[in-house]
Amino acid sequence: MSDRQERQPLSVKVAEIQEILNDAVKEFNNTEFWEGMLKATARFHRYSVNNKILIYVQKPEATLCAGYATWKKNGYHVRKGEKGIRILAPRTATAKDKNGEVILDEKGNPETVTFFVPAYVFDVSQVEAGEGAKPLPQLPDYEGASAAEDRGLYEALEGFMSARGWTVEVMTLDAELGGYTVHEESKICINAARSPLGRATTLAHEVAHALLHADVSPVEYAHNLGGVRSLAETEAESVAFVVAQAWGLDATSFSIPYVSSWSEQDTKVLEAAAQGVHKAAHEILEAIMPTL
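Each number in the working numbering corresponds to the 1-based position in the sequence shown with 4 added.
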């Protein structure tokens, strides 16, 4: 970190990071950028939407990030001269009025405010293991995933929905229909004609619909009124791509063209979808992925 960076006021540092985010959002309509961001979501689902974007635009090849202290605690040290990846870390403080008095809520408890400060993380490629370093988590291997295998993803997703009181059924459907979700019955149906990998990614898509779109009007969805269906399909297939990627499966050939078609690479649609994708993907992956 340079002396100039150290001397900058906190507000200037935050503004600089916000500018990186603003520039990144303008790139959402670039198919390659959106694909890269989804891959970053698969790797960093525990980070906020904004921090995933920040990691991706500053170090697109990053695969496993942590702060300096976390790496040190696990027996690794950051190599001299490595540049940290800037993110925004939330902080809370007791709210005070202009006279410095603590502001209380209706129950008499002190109110708090949340603000953000600059923080730095480092990718695994920037650190070296010391003596007794803890083993690193195994990253997914994306090579050789054929259409005939899903590596247990379907079963994991079925269990995820079953725990929430939903049923998943495999049945004969029209060839062009991969599956559908019935919110009123808490049921997901999957086309039996799909390959195991196709069933798994379709189920991930429908799970996203189940988590995100219970309040969508069937009429608005059917006729895409106000772009409702465009947003829903962009979110659902983006989630499917993220979940598959995190599981070590590559759904690029289908998912990315599908998202591009429904979103029409409209920056407003993709910006609106980013929060939903983060919410659903994080909820799914927190439940089905092994704890690191």
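From the three backbone atoms N, C-alpha and C, an ideal C-beta is built for every residue, glycine too.
**Request:** Can you grab the Cα-Cα spacing for the pair A298 / L25, in whole Å?
**Result:** The displayed coordinates of the chain run from 5 to 296. Any statement about residue 298 would go beyond what the structure contains.
**Prompt:** Going straight from the alpha carbon of C69 to that of E210, what length do you get?
**Reply:** 30 Å
**Asked** Roughly how many angstroms lie between the CA atoms of D270 and S166, to the nearest whole one?
**Response** 35 Å
**Prompt:** Just the Cα atoms here: how many angstroms apart are T35 and G231?
**Reply:** 19 Å
**Request:** Name, in chain order, the residues that DSSP records as bridge partners for A97.
**Result:** V117
**Prompt:** Whole-angstrom Cβ separation of A267 and S234, contact assumed at under 8 Å?
**Reply:** According to the sequence as given, residue 267 is Ser; it is not Ala. Sure, about 6 Å apart at Cβ, within 8 Å.
**The alpha helix (DSSP H) enclosing K56, as first and last residue numbers** = V53 to Q62
**Item:** For F126, three-class secondary structure by DSSP
**Value:** strand
**Asked** When DSSP builds the beta bridges, which residues end up paired with K191?
**Response** T171 and V186
**Request:** Have a look at Q130 and A123 and give me their C-alpha separation to the nearest angstrom.
**Result:** 16 Å
**Message:** In the DSSP output, which residue or residues are listed as bridge partners for Y80?
**Reply:** A133
**Any 3 or more C-beta pairs closer than 8 Å across the region 280-291 and the region 44-58** = yes
**Item:** G71, enclosing beta strand (DSSP E) - first and last residue
**Value:** C69 to G71
**Spatially closest choice to F4 from L201, E275, V117 and I107, by CA coordinates** = This structure cannot speak to residue 4, because the chain is shown only from 5 to 296.
**Request:** Would you list the residues sitting across from L108 in a DSSP beta bridge?
**Result:** P114
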